[in-house]
Amino acid sequence: MLTPRKRFDAELAKLDKSLLHMGTIAEEMLSKALTALANRDVGLADETIGMDDQVDALNLEIETTCIRLIATQQPAARDLRVIVAAIKICADVERVADYVVDIAKTAKRLADRPLFKPLIDIPRLQSLVSQMLHETLEAFVSRDLTLVHKMINDDDQVDNLYRSLYEELVEFMKKDPQVVDQAVQLLLISRYLERIADHITNIGERVFYVETGELKELHT
Amino acid sequence: MAMSGNKSVNKIEIKNLNLYYGPVHALKGITVGILKNAITALIGPSGCGKSTLLRCLNRMNDVIENVKVDGLVALDGEDIYASGVDVTCLRKRVGMVFQRPVAFPLSIYENVACAARVHGVNDRKSLDPIVEESLHRVGLWNEVKDKLRSPALNLSLGQQQQLCIARVIATGPEVILLDEPCSALDPASTLKIEDLMRDLQKRYTVVVVTHNMQQAARASDYTVFMLAGELVEYGPTGQIFTSPEDSRTESYVTGRLG
Chain L
7 MLTPRKRFDA ELAKLDKSLL HMGTIAEEML SKALTALANR DVGLADETIG MDDQVDALNL
67 EIETTCIRLI ATQQPAARDL RVIVAAIKIC ADVERVADYV VDIAKTAKRL ADRPLFKPLI
127 DIPRLQSLVS QMLHETLEAF VSRDLTLVHK MINDDDQVDN LYRSLYEELV EFMKKDPQVV
187 DQAVQLLLIS RYLERIADHI TNIGERVFYV ETGELKELHT
Chain R
25 MAMSGNKSVN KIEIKNLNLY YGPVHALKGI TVGILKNAIT ALIGPSGCGK STLLRCLNRM
85 NDVIENVKVD GLVALDGEDI YASGVDVTCL RKRVGMVFQR PVAFPLSIYE NVACAARVHG
145 VNDRKSLDPI VEESLHRVGL WNEVKDKLRS PALNLSLGQQ QQLCIARVIA TGPEVILLDE
205 PCSALDPAST LKIEDLMRDL QKRYTVVVVT HNMQQAARAS DYTVFMLAGE LVEYGPTGQI
265 FTSPEDSRTE SYVTGRLG
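Protein chains in written order, with the numbering used here: chain L, 7 to 226; chain R, 25 to 282.
Here's what the structure looks like:
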């Protein structure tokens, strides 16, 4: 006989919803920060920075809920995996949002004059990272591990793109010291995007853990 | 009918309540409010006074000899120990379910109907809907609707406990007291009763005594921790089980006491 635990099941469903909400905000922030960079839009950069408070609040709310559920509901098996994964996932999403804030702040610093080169690879990097974040959130909701594996492959592309961007920017700096200031800022943005991708792979690993019960590094 | 949305209102107010069994001071200056439409759990080691406190809420201790009670227990602001209080009427408003299911050797129908009869409902026309509604509210109707005339004692223990709760509901109570309602039940029936408590809380105020700390954690909104006749700590259940204020509560909820 299946005995429902209605209240607990409702709390777990709410936890899913809050995590998804948090991830969606981070996704929106990422897109806004890069638009702010491309359009030299200080207002949009500030708006992005302001959204971080929502992410921080959700992070605390989710963690508090998880602690309470562990203390009061004696979770086991999948329920336990979901709760433990949620604690890790919300910490990773919170870090993603912090890096986006760093990108938005850098965008503000770069907004005072035109860039020495058009933005080509950074938008590509951002688009890949956004796609990864979207796939991971989608995998979290749909329990679809093929999306997790796809996202891990995307991360390889992110790493390659980051390396080539690094080399390109260093070349520019060697050739013309005038561009060093801007090039360093762009390099920082690339680095933030690359770090975001790593946090997203962590989230993917937690989704994998919830579904399979196996804790492992998916990135080889 | 009491519905949710009144969660910050105290249904029962207990102030400086003392109870003596002869020379034994069993409850020592208990002061606590029981919130309306919430589930409040009373926990503590054996002999701490939690069942005694529960029984004070509908004056079940009156039937015990040499019991002396002082202090205030107010239901909706009215002192239930005041002279002139009709105790039968009080127990209709504050119903009780016991540790072992007390199914009478009667039919399923009669087990529920008899409660309404005690309170003056006698004709079948009125009784039928009361019995059906009460069995519905405890989630038993679909299982028993085709065998209402068969003996209640043929039901499983879990179903008998649901039946006992239905019997309390048939009297139209405002508060339901449960004294270790699951201690005789298997884990699946236990979780079923816990779910039922959650449903009941929408209409009634629920107070449950439990030895099972995990049950209090799972199934209550507020927890009262008692020790040696005293109320040590009262608070939202989540807080009691994550960051209790008193070190004795901490010891109890972590399994290091009692």
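The C-beta atom is built at its ideal place from N, Cα and C for all residues, glycine as well.
*Along the chain, which unbroken stretches of the beta strand (DSSP E) at least 3 residues long are found entirely within the segment 52-134 of chain R?*
63-67, 91-99 and 118-121
*Considering only C-alpha positions, which residue in the set L/110, L/210, L/105 and L/81 is nearest to residue 242 of chain R?*
L/81
_Residues that DSSP places opposite residue 203 of chain R in a beta bridge_ = R/233
*Mind checking which residues open and close the alpha helix (DSSP H) that includes residue 210 of chain L?*
186-218
*Residues from the segment 64-83 of chain L in contact with chain R, defined by Cβ distance under 8 Å*: 73, 74, 77, 78, 79 and 80
*Based on the DSSP secondary-structure assignment, which residues constitute the bridge partners of residue 49 of chain R?*
R/44
*Give the residues from the segment 239-262 of chain R that approach chain L closer than 7 Å (Cβ to any Cβ), ordered along the chain.*
241, 242, 261 and 262
*With a cut-off of 8 Å, do at least 3 Cβ pairs link the segment 244-264 of chain R to the segment 43-54 of chain R?*
yes
*Name the residue from L/92, L/224 and L/27 whose alpha carbon lies nearest to the alpha carbon of residue 162 of chain L.*
L/224
_Can you tell me where the beta strand (DSSP E) holding residue 253 of chain R begins and where it ends?_
That residue, residue 253 of chain R, is in no beta strand (DSSP E); it is neither H nor E in DSSP.
_Within 8 Å, do at least three Cβ pairs link the segment 262-274 of chain R to the segment 68-77 of chain L?_
yes
*Comparing alpha-carbon positions, which option in R/128, R/89, R/81 and R/95 lies nearest residue 174 of chain R?*
R/128
*Near-chain R residues of the segment 19-38 of chain L - C-beta to any C-beta below 8 Å*: none
*Does the segment 101-109 of chain L touch the segment 164-178 of chain L, meaning 3 or more C-beta pairs lie closer than 8 Å?*
no
*Between which two residues does the alpha helix (DSSP H) carrying residue 15 of chain L extend?*
12-45
*Decide if residue 21 of chain L is buried, meaning its Cβ has at least 16 other Cβ atoms within 10 Å, or exposed.*
buried
*Take every Cβ of the segment 122-138 of chain L, pair it with every Cβ of the segment 56-69 of chain L, and state whether three or more of those distances are shorter than 8 Å.*
no
*Looking at the C-beta of residue 170 of chain R, does it have a partner C-beta in chain L at a distance below 8 Å?*
no
*Around the Cβ of residue 80 of chain R, are there at least 16 other Cβ atoms within 10 angstroms (buried) or fewer (exposed)?*
buried
*asked:* Going by DSSP in three states, residue 37 of chain R sits in which element: helix, strand or coil?
replied: strand
*Taking C-alpha atoms, which residue in L/31, L/87, L/37 and L/39 lies nearest to residue 60 of chain L?*
L/31
*Is it the case that the Cβ atoms of residue 220 of chain R and residue 186 of chain R are separated by a distance below 8 Å?*
yes
*Take the Cβ of residue 106 of chain R as the centre, count every other Cβ of all protein chains shown within 10 Å, and call the residue buried at 16 or more, exposed below.*
exposed
_If I measure Cβ to Cβ from residue 50 of chain L and keep anything under 7 Å in the same chain, skipping five residues before and after, which residues do I get?_
38, 41 and 42
*Are the C-beta atoms of residue 10 of chain L and some chain R residue less than 8 Å apart?*
yes
*Contact set for residue 40 of chain R: own chain, Cβ-Cβ below 6 Å, skip 5 residues either direction*: 53, 55 and 95
*When the cut-off is 8 Å and only beta carbons count, does residue 13 of chain L lie next to chain R?*
yes
*asked:* According to DSSP, is residue 288 of chain R part of a helix, a strand, or is it coil?
replied: For chain R, the structure presents residues 25 to 282; residue 288 of chain R sits outside this window and is missing.
*Provide the residue(s) that pair with residue 246 of chain R in DSSP beta bridges, ordered along the chain.*
R/64 and R/260
*Just how far apart, CA to CA, sit residue 119 of chain L and residue 52 of chain L?*
18 Å
_Given this structure, state the Cα-to-Cα distance separating residue 133 of chain R from residue 71 of chain R, to the nearest angstrom._
37 Å
*When burial is assigned at 16 or more other CB atoms within 10 Å of the CB, is residue 221 of chain L buried or exposed?*
exposed
*asked:* If you follow the alpha helix (DSSP H) that residue 181 of chain R is in, where does it begin and where does it stop?
replied: 181-193
_So for residue 211 of chain R, helix, strand or coil by DSSP?_
helix
*asked:* For a test of the three-state rule: what should DSSP assign to residue 153 of chain R, helix, strand or coil?
replied: helix
*asked:* Would residue 191 of chain L and residue 115 of chain L qualify as a contact pair, given that the criterion is a beta-carbon distance under 8 Å?
replied: yes
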